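Inspection log for the structure reproduced underneath, given as structure tokens.
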Amino acid sequence: AQSVTQPDIHITVSEGASLELRCNYSYGATPYLFWYVQSPGQGLQLLLKYFSGDTLVQGIKGFEAEFKRSQSSFNLRKPSVHWSDAAEYFCAVGSSNTGKLIFGQGTTLQVKP
Amino acid sequence: DTEVTQTPKHLVMGMTNKKSLKCEQHMGHRAMYWYKQKAKKPPELMFVYSYEKLSINESVPSRFSPECPNSSLLNLHLHALQPEDSALYLCASSQDGALARETQYFGPGTRLLVL
Numbered sequence: 009a010q011s012v013t014q015p016d017i018h019i020t021v022s023e024g025a026s027l028e029l030r031c032n033y034s035y036g037a038t039p040y041l042f043w044y045v046q047s048p049g050q051g052l053q054l055l056l057k058y059f060s061g062d063t064l065v066q067g068i069k070g071f072e073a074e075f076k077r078s079q080s081s082f083n084l085r086k087p088s089v090h091w092s093d094a095a096e097y098f099c100a101v102g103s104s105n106t107g108k109l110i111f112g113q114g115t116t117l118q119v120k121p
Numbered sequence: 008d009t010e011v012t013q014t015p016k017h018l019v020m021g022m023t024n025k026k027s028l029k030c031e032q033h034m035g036h037r038a039m040y041w042y043k044q045k046a047k048k049p050p051e052l053m054f055v056y057s058y059e060k061l062s063i064n065e066s067v068p069s070r071f072s073p074e075c076p077n078s079s080l081l082n083l084h085l086h087a088l089q090p091e092d093s094a095l096y097l098c099a100s101s102q103d104g105a106l107a108r109e110t111q112y113f114g115p116g117t118r119l120l121v122l
């Protein structure tokens with residue numbers, strides 16, 4: 009069965025520091041991968057997605073993610089974090105069997121001034 | 008315009024009340040979704056409508072009743088809810104149907120409190 013693992017439940021970084029959020033997936037073929045961000049009490053906003061092609065994907069708000077098939081990973085990165093990036097981040101894979109989005113458990117990002 | 012709107016933003020209801028949540032999108036999308044989200048957890052899929060027909064019901068209790076009057080509108084009718092149903096209810100839509108490659112666009116949610 010397809011699954012998504014976000015190993016880090018909570019991450020704290022200083023403003024201006026670089027960020028990497030980890031995501032590992034379990035899926036046989038090329039997956040459809042997504043990163044969403046959710047600010048407190050809000051809906052989910054798509055940051056970026058990967059279907060095929062260039063394995064380094066650029067998204068909104070200065071985020072990027074790299075698909076590594078050999079490691080079954082799709083880690084999210086940002087070179088310099090802003091205080092407004094504090095939020096919950098969800099990695100997800102689209103299930104080709106059902107069309108459902110399978111979410112990881114999420115990573116809470118806290119940004120220190 | 009990639010906006011999905013939801014009303015109301017907040018809702019407080021008693022266990023004997025009947026209320027409805029409303030979701031609207033004007034992107035021409037043909038799939039619409041209801042999710043339930045508890046604090047610090049990922050969204051849990053409840054229902055999917057594809058081309059105005061219910062295609063997925065994730066074994067949701069009958070006190071939740073979805074309705075899709077047209078391709079732009081999605082309602083969730085609530086009746087005799089339990090306190091454990093208190094959560095953020097999210098609506099989403101996608102372009103062509105519930106397909107793996109489809110990007111789902113989420114609304115801001117309705118925060119529901121059941122007393």
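In the order they appear, the protein sequences are chains A and B.
Reminder that position 89 of the first sequence reads as 97 in this note's numbering, one-by-one numbering, no gaps.
Reminder that position 30 of the second sequence reads as 37 in this note's numbering, one-by-one numbering, no gaps.
Don't be surprised by glycine CBs; every beta carbon is placed ideally from N, CA and C.
For clarity, every value in this text was computed on a predicted model and none was experimentally measured.
- In the DSSP assignment, no residue is bridged to Asn24 of chain B.
- Rounded to the nearest whole angstrom, the CA to CA distance from Val119 of chain A to Lys60 of chain B is 43 Å.
- Taking all protein chains in view, the Cβ of Gln66 of chain A is surrounded by fewer than 16 other Cβ atoms within 10 Å, so the residue is classified as exposed.
- Sequence-distant Cβ neighbours of Ala38 of chain B in its own chain, meaning closer than 6 Å and more than five residues away, are Ser57, Ser101, Gly104, Ala105.
- Phe71 of chain A and Thr110 of chain B have their C-alpha atoms some 17 Å from each other.
- For Phe54 of chain B, the enclosing beta strand (DSSP E) covers residues 51-57.
- In the three-state reduction of the DSSP assignment, Gly102 of chain A falls in the strand class, which pools E and B.
- Listed in chain order, the positions of the segment 30-54 of chain A with a beta carbon within less than 9 Å of a beta carbon of chain B are Pro39, Tyr40, Phe42, Tyr44, Gln46, Gly49, Gln50, Gly51, Leu52, Gln53, Leu54.
- Under DSSP, Glu28 of chain A forms a beta bridge with A:Arg85.
- Ranked by Cα distance from Trp41 of chain B, the options B:Leu95, B:Val121, B:Leu120 are led by B:Leu95.
- Annotation for Val119 of chain A: the continuous beta strand (DSSP E) segment containing it runs 115-120.
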